[in-house]
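For what it's worth, my numbering labels the leading residue of the sequence shown as 21, then goes sequentially.
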Amino acid sequence: MNGINYLFNETSLYTKEVFKIFVLNDGKYEYDKKEFLRFIYYVGYGQDKLVSYCHLCKKEFPFSYKTELFEFTKYFKDTDYYMIVADKDGQNPGRISISDGIILGLVPPYDKELLVNNKIWYMNYFFNCTRNGSHKYMMMISIELKDGNFIVRKIGQNPSMLTVKGFDFDKYKKVLEKLDAYEDYKKADLSNADHFHVGAYAYLRRIFEKMINQYLGKTELKDDHMDTKIDAVKDYFDPRIKNLLKNLYGILSVGIHELSEEQSKEYYEYLKAIIDMQLEYVQTENDKDKQSKELAGVLSKITNLITKQKKDY
Ligand SMILES: [Zn+2]
Numbered sequence: 021m022n023g024i025n026y027l028f029n030e031t032s033l034y035t036k037e038v039f040k041i042f043v044l045n046d047g048k049y050e051y052d053k054k055e056f057l058r059f060i061y062y063v064g065y066g067q068d069k070l071v072s073y074c075h076l077c078k079k080e081f082p083f084s085y086k087t088e089l090f091e092f093t094k095y096f097k098d099t100d101y102y103m104i105v106a107d108k109d110g111q112n113p114g115r116i117s118i119s120d121g122i123i124l125g126l127v128p129p130y131d132k133e134l135l136v137n138n139k140i141w142y143m144n145y146f147f148n149c150t151r152n153g154s155h156k157y158m159m160m161i162s163i164e165l166k167d168g169n170f171i172v173r174k175i176g177q178n179p180s181m182l183t184v185k186g187f188d189f190d191k192y193k194k195v196l197e198k199l200d201a202y203e204d205y206k207k208a209d210l211s212n213a214d215h216f217h218v219g220a221y222a223y224l225r226r227i228f229e230k231m232i233n234q235y236l237g238k239t240e241l242k243d244d245h246m247d248t249k250i251d252a253v254k255d256y257f258d259p260r261i262k263n264l265l266k267n268l269y270g271i272l273s274v275g276i277h278e279l280s281e282e283q284s285k286e287y288y289e290y291l292k293a294i295i296d297m298q299l300e301y302v303q304t305e306n307d308k309d310k311q312s313k314e315l316a317g318v319l320s321k322i323t324n325l326i327t328k329q330k331k332d333y
């Protein structure tokens with residue numbers, strides 16, 4: 021886990037991370053400072069810079085940032101403490117310093133009912149690209165203290181994960197629209213970004229099936245098996261990938277049930293790269309067709325011109 025980079029770049033909205041800061045022991049809450057330091061690291065306190073893709077620079081850059089901690093409708097700027105034990109009768113309340121995890125005021129262990137429960141803090145992050153300070157990112161998290169745990173959720177982010185990750189859906193838009201697969205292509209990446217890998221694989225498979233069906237057209241086949249279909253149309257594919265097609269379809273069809281969450285995530289990029297190679301191939305072929313038609317037009321014009329000039333002499 022890489023602190024602020026992980027939280028901003030890799031964590032999708034509403035994912036929760038639980039930190040067991042206070043542990044009940046003999047009816048009293050004991051403080052686990054090590055766990056609090058892990059929390060501090062996770063939310064990015066005291067870290068120098070966020071490294072993220074700047075969608076305006078179109079490159080990865082460090083971002084400097086400021087944070088602002090607040091409660092619902094209650095802003096306390098420059099507050100560096102979490103109040104964890106209520107201020108009773110004007111006594112010194114217990115509070116944890118954000119910067120180093122040290123507790124000030126009333127010290128633990130705390131009676132069970134003394135520790136604040138069901139309380140939510142919010143934190144805003146304001147990021148500025150270090151290459152150009154007017155490139156601004158923003159993030160918001162909630163920190164809930166519940167039964168001794170700090171529960172952290174990312175609840176807002178601008179721009180979205182997809183923009184931050186530099187997704188470019190429109191690169192193959194024309195080709196995809198001809199396949200009626202533009203929405204599938206977007207949904208595949210959106211599902212993957214949301215860690216919904218079964219969905220991501222299913223959308224890639226749909227794109228692949230639409231490719232096969234388009235190439236098949238009205239071709240008659242001896243049976244309906246995917247292998248038969250692939251054999252019939254494989255010459256429409258980029259020669260560099262045409263021997264990978266059966267494997268690709270096999271993985272997209274059944275692989276997802278056999279793969280772990282981590283493996284699915286890791287392999288998605290490779291499987292999509294094969295689809296992208298074909299989209300690139302079709303697009304380049306289309307461009308070349310267009311170009312050669314234009315060239316043919318120009319050539320016949322020149323030929324006509326020469327013929328005409330010969331006649332004129
Ligand atoms: Zn920038």
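Idealized CB from N, CA, C, for every residue including glycine. This structure is a prediction, so every number in the text was calculated from the model and none was measured.
Would you call G64 buried or exposed, if buried means 16 or more other Cβ atoms sit within 10 Å of its Cβ?
Burial call: buried.
Quick check: what's the CA-CA separation for L272 versus L224?
Their Cα atoms are separated by approximately 7 Å.
Could you tell me the alpha carbon to alpha carbon distance between P128 and V105, rounded to whole angstroms?
Cα to Cα, the separation comes out at about 10 Å.
If K48 sits next to Y130, beta carbons under 8 Å apart, how far is it from one beta carbon to the other, in whole angstroms?
The pair is a contact, with the Cβ atoms about 6 Å apart (cut-off 8 Å).
Would you kindly work out how many angstroms separate the C-alpha atoms of Q177 and S32, rounded to a whole number?
For Q177 and S32, the distance between alpha carbons rounds to 9 Å.
With a threshold of 8 Å, establish whether the CB of H277 neighbours any heavy atom of ligand 1.
Answer for H277: no, Cβ out of range of ligand 1.
Buried or exposed for N263, going by 16 or more other Cβ atoms inside 10 Å?
Exposed, because fewer than 16 other Cβ atoms sit within 10 Å of the Cβ of N263.
Considering just the uninterrupted stretch of the alpha helix (DSSP H) at G64, what are its terminal residues?
Where G64 is concerned, there is no enclosing alpha helix (DSSP H), given that its DSSP letter is neither H nor E.
Under the rule that 16 or more other beta-carbon atoms within 10 Å means buried, what is F92, buried or exposed?
Exposed: under 16 other Cβ atoms inside 10 Å.
In the DSSP assignment, the alpha helix (DSSP H) including I322 goes from what residue to what residue?
Its alpha helix (DSSP H) spans residues 281-332.
Report all residues from its chain with a CB closer than 6 Å to the CB of M181; omit the five preceding and five following residues, and keep chain order.
Excluding sequence neighbours, M181 sits near A213.
Let's see if you can read the secondary structure: which residues bound the alpha helix (DSSP H) around G186?
Unbroken run through G186: none, as it is neither H nor E.
Leaving out five residues before and five after L27 in sequence, what residues of the same chain have Cβ atoms less than 8 Å from its Cβ?
Correct list, in chain order: Y62, V63, G64, M159, I161, K174.
Alpha carbon to alpha carbon, what distance is there between F170 and N137?
C-alpha separation (whole angstroms): 10 Å.
Where does Q329 land, buried or exposed, given buried means 16+ other C-beta within 10 angstroms?
So Q329 ends up on the exposed side.
Would you check if there are 3 or more beta carbon pairs closer than 8 Å linking the stretch 75-92 to the stretch 198-209?
Contact fails: fewer than three Cβ-Cβ distances are below 8 Å.
Answer with buried or exposed for D209, where buried requires no fewer than 16 other C-beta atoms within 10 angstroms of its C-beta.
By the neighbour-count rule (16 or more Cβ atoms within 10 Å), D209 is buried.
Using only the heavy atoms of ligand 1, determine whether one of them is closer than 8 Å to the beta carbon of F81.
Flag set: Cβ of F81 near ligand 1.
Whose C-alpha, out of D46, L165, D190, N29, is nearest the C-alpha of R115?
Here the closest residue by C-alpha is L165.
So what's L265 in DSSP terms, helix, strand or just coil?
It is helical.
Let me check you understand the geometry: is the CB of R151 closer than 8 Å to at least one non-hydrogen atom of ligand 1?
The answer is yes for R151.
Considering only their Cβ atoms, is the gap separating L241 from K230 smaller than 9 Å?
The answer is no: Cβ separation not under 9 Å.
Taking 8 Å as the limit between beta carbons, can you name the residues of its chain near K86, skipping five residues before and five after?
Closer than 8 Å at Cβ, skipping near neighbours: Y145, F146.
Identify the residues that DSSP records as bridge partners of Q234: which are they?
According to DSSP, which records beta bridges pairwise, Q234 is partnered with nothing at all.
Leaving out five residues before and five after F90 in sequence, what residues of the same chain have Cβ atoms less than 6 Å from its Cβ?
Excluding residues within five positions, the ones whose Cβ falls inside 6 Å are Y142.
Would you give the residue range spanned by the beta strand (DSSP E) that E37 belongs to?
First-last of the beta strand (DSSP E) with E37: 36-40.
Is the Cβ-Cβ distance between L291 and Y221 less than 9 Å?
Yes. Within cutoff.
With distances taken Cα to Cα, identify the nearest neighbour of G186 among H75, S211, H215, S119.
Here the closest residue by C-alpha is H75.
Quick one: what's got a C-beta closer than 8 Å to S183's C-beta in the same chain, skipping five residues either side?
Reading the sequence as shown, one finds Thr at residue 183 and not Ser. Excluding positions up to five away in sequence, the list reads H75.
Write down the C-beta distance between D258 and Y301 rounded to the nearest angstrom, noting that I regard them as a contact closer than 8 Å.
With 8 Å as the limit, D258 and Y301 qualify as a contact, their Cβ atoms being about 4 Å apart.
Tell me whether Y157 is buried or exposed, calling it buried when 16 or more other Cβ atoms sit within 10 Å of its Cβ.
Y157 is buried by the Cβ-count criterion.
Restricting to Cα atoms, I'd like to know which of N112, L315, I294 is closest to L126.
When only C-alpha atoms are compared, the closest one is N112.
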